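Take the sequence shown: its position 57, counting from 1, is numbered 57 in full-length UniProt numbering, and each next residue is one higher.
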Amino acid sequence: MRLNHLNLSVTDVPACVAMFETYFGFSRSDMPVNEHMAFLHGEDGFLLSMFRAKDVDYPKSFHIGFMQDTPEQVHAMRERLLAGGYAVPEPQQNHGRLTFYFNAPGGFVVEVESFLG
């Protein structure tokens, strides 16, 4: 058994689509993509669906995590996101990982991390 899809309620579908395509390797599926909804495939075939919501209120600890192969890739991803206008803090070492969290444009949090050593 494998996880097939995740649905997110987001306040800005087009901005989320742009972020996932530009920085996280997602591509549009054959299903409609518009200001109300989007369906994206990850590099491994995972389906991410997003539907626009007026208000989004995820629990404080909710986030989506992306694992990088090396700490250098974490730093490189941070630099790309900064260049794209995202507010991204310095990565921190935490529980044997190098990680940072940032607020995505749709009202949720994204984590980028890598194991250390």
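C-beta: ideal position from N, C-alpha, C; glycine also.
Note that the coordinates shown come from a computational prediction; the quantities given were computed from them, not determined experimentally.
- The DSSP assignment places 37 to 41, 47 to 52, 64 to 67, 92 to 94, 97 to 103 as complete runs of the beta strand (DSSP E) inside the segment 20 to 105, in order along the chain (cut-off: 3 residues).
- The residue from F100, L3, Y101 with its alpha-carbon nearest to that of L48 is L3.
- As computed with DSSP, L6 is found in a beta bridge with L48.
- Judged by beta-carbon spacing, R52 lies within the 8 Å limit of V10, meaning their Cβ atoms are closer than that value.
- With respect to the 8 Å criterion, E90 and T99 are not classified as neighbours on the basis of their beta carbons.
- Note that the C-beta distance between L116 and P71 is below 8 Å.
- Excluding residues up to 5 positions away in sequence, F39 lie with their Cβ nearer than 6 Å to the Cβ of M31 in the same chain.
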